[in-house]
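Here is the structure we will look at.
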Amino acid sequence: MIHLKQGDMLAQVGSVIASIMFVWAMFKQYFPYELRDRLEKYTQKVFAFVYPYIQITFHEFTGERLMRSEAYSAIETYLSSSSSMQAKRLKAEVVKNNQSLVLSMDDNEEVADEFKGVKLWWASGKNVFKSQTFSFHQFTDEKRYYKLRFHKRHRDLIIGPYLNHVLKEGRALKVRNRQRKLYTNSGSYWSHVVFEHPATFKTLAMEPEKKKEIIEDLITFSQAEEFYARIGRAWKRGYLLYGPPGTGKSTMIAAMANLLNYDIYDLELTAVKDNTELRKLLIETSSKSVVVIEDIDCSLDLTACGGERLIVFTTNFVEKLDPALIRKGRMDKHIELSYCSFEAFKVLAKNYLQLESHHLFDKISDLLKEAKMTPADVAEHLMPKTVPWNAEVCLESLIGALETAKEEAKLKAEEGQREKESSSAREEAKEADNKGPISGKE
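Straight run, no breaks: the sequence shown in UniProt numbering ends on number 442.
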């Protein structure tokens, strides 16, 4: 009997729905557009009165040129974490060197979010449009959207702080997941390749205190947007890296970019014809980037360069530069990258040989105080040359190279001293010849 009643109820519901659909179809066909439009407006008002929720739709494409909406992209990235936990159907996209997946909810899915104790819902959907032109292959255009639903009492909280939070977090996640690029210029145009460099500050051969100071400076800069705006300065910072060839300037730049997740623009000044081309190149650099200018030897106007950029200058001979070129404000932080110290050697020994101590370390420490060798040359001697590799053989190779460098430096110093003494003797002899004996007339 109960089953019969449930069946009757379902039949009645189906009949009511069918009747409503029939009436609506007749209404649309026979009633004038103006009357239908007015009735729909009143219906929406009544519906809004009894339905307390507000909906905001974010379309994937906007504008006449159908550019992909930045808001839609940020929302998609923001929802990726909650989607993977809540949605039953997901889409996967490969990002970041083709080594990781980002998940987002598939069409017609809904996930919940919470902000300051307020619950709201995101739903995904799509509109499908079929081409009206005759073709053997019918074209279908799909335009996706996200729909946000929340109670009207929370309008101010959601439209202001919440949406700003979603866009900010979405953009930050997108930056972390993006494929970073290394740009080089040919004339006034940039071209790029994928930036893949393993250098980090952890593996950088440098004294720990100096390394810590640089890391803190970089992180402080990356979080200082409001500070720079408050003091009225462009959000950029200049670094001067100087030292002999092979001391790690290029590795330092890669480590800086990896720490901050920045792109790199390697600016080749010899390929730039004039200031107009240089200005065009600087304007085209993106935010969150390191602009590298190697072997700087002339003054540059960097005002065309936008915000959130590190400007890194490198040189092998800082003493030859014009002091006005390297003043504070143009190059804010000067970083000397010199010959290998014992602290830098220990980092290399751990990286290459997985050694933190060894009985030969004391001898190497003494030799590094007397012999000048770049970190690149030290690393070459620590590189295993045989399989299986022997750490002690590598250390002995380094000791031999350091002793040779020490002897060469000693011989060079002695030769320099002899040349200096010889030069002095020649000058004295020349002076004596110029004075000569004073002869008088008889």
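The beta-carbon is built from N, C-alpha and C at its ideal position, and this holds for glycine as well.
Got a sec? Which residues, its chain only, sit under 6 Å from residue i by beta carbon, not counting five neighbours each side?
i, result
"L182", "V193, F195 and I264"
"V347", "A205"
"S365", "F342"
"T314", "L241, K249 and E294"
"K126", "D107, E142 and R144"
"I56", "L148"
"K280", "S188"
"L278", "V272"
Note down, in chain order, each residue of its chain lying with its Cβ closer than 8 Å to the Cβ of residue i, except the 5 sequence neighbours on either side.
i, result
"S423", "none"
"R155", "I54"
"Y262", "R180, M256, K288, S289, V290 and L310"
"K211", "F201 and L204"
"S80", "V102, L103, S104 and L173"
"R68", "E60 and F61"
"F58", "S69, A71, Y72, I75, Y145, Y146, K147 and L148"
"V166", "A74, I75 and Y78"
"K152", "P52, Y53 and I54"
Is the CB of residue i under 8 Å away from at least one CB in chain C?
i, result
"L103", "Note that chain C does not occur in the displayed structure, where there is just one protein chain."
With residue i as the anchor, note down where its alpha helix (DSSP H) starts and where it stops.
i, result
"I215", "P208 to S222"
"Q86", "S80 to Q86"
"S365", "F361 to E370"
"E380", "P375 to L382"
"Y228", "E225 to I231"
"K181", "Element bounds for K181: not the alpha helix (DSSP H) but the beta strand (DSSP E), K181 to S186."
"A172", "L163 to N177"
Report back the beta-carbon spacing between residue i and residue j to the nearest angstrom; my notes put them in contact at under 8 Å.
i, j, result
"D106", "R89", "4 Å"
"E109", "A87", "4 Å"
"S82", "V111", "5 Å"
"L395", "L360", "5 Å"
"L218", "L282", "No, L218 and L282 are not in contact; Cβ-Cβ is about 21 Å, not under 8 Å."
"D266", "T184", "5 Å"
"K333", "Y239", "5 Å"
"K363", "C305", "About 49 Å separates the two Cβ atoms, so there is no contact after all."
"K406", "E370", "5 Å"
Name the two residues that bound the continuous beta strand (DSSP E) containing residue i.
i, result
"T314", "R309 to T315"
"I54", "Y53 to H59"
"S191", "Y189 to V194"
"A205", "It is not in any beta strand (DSSP E) - A205 carries neither H nor E in the DSSP assignment."
"V111", "E110 to F115"
Within the same chain, show all residues whose beta-carbon is closer than 7 Å to that of residue i, passing over the 5 residues directly before and after it, in chain order.
i, result
"L4", "Reliability fails at L4, whose pLDDT of 46 lies under 50, so the model's placement of it is uncertain and the value that follows must be treated cautiously. Cβ neighbours of L4 beyond the five flanking positions: none."
"Y162", "F115"
"E356", "K350"
"A379", "L348 and Y352"
"P384", "C394"
- Query: Quick check: the segment 198 to 206 against the segment 271 to 281, are there 3 or more CB pairs under 8 Å?
  - Reply: No, the segment 198 to 206 does not touch the segment 271 to 281.
- Stretch pair the segment 326 to 333 + the segment 249 to 263: three plus CB contacts closer than 8 Å: Between the segment 326 to 333 and the segment 249 to 263, the count of Cβ pairs shorter than 8 Å is below three; the stretches do not touch.
- Item | Inter-stretch contact at 8 Å, needing at least 3 Cβ pairs: the segment 238 to 254 / the segment 371 to 381 | Counting Cβ pairs under 8 Å, three or more are found: they touch.
- Message: Three or more C-beta pairs under 8 Å: does that hold for the segment 393 to 401 against the segment 413 to 432?
- Response: No contact exists between the segment 393 to 401 and the segment 413 to 432.
- Query: Considering only residues of the UniProt domain "AAA+ ATPase" (235 to 341), which uninterrupted beta strand (DSSP E) runs meet the minimum length of 3 residues and lie entirely inside it, listed in chain order?
  - Reply: For the UniProt domain "AAA+ ATPase" (235 to 341), whole beta strand (DSSP E) runs of length 3 or above, ordered along the chain, are 236 to 242, 263 to 267, 289 to 293, 309 to 315 and 333 to 336.
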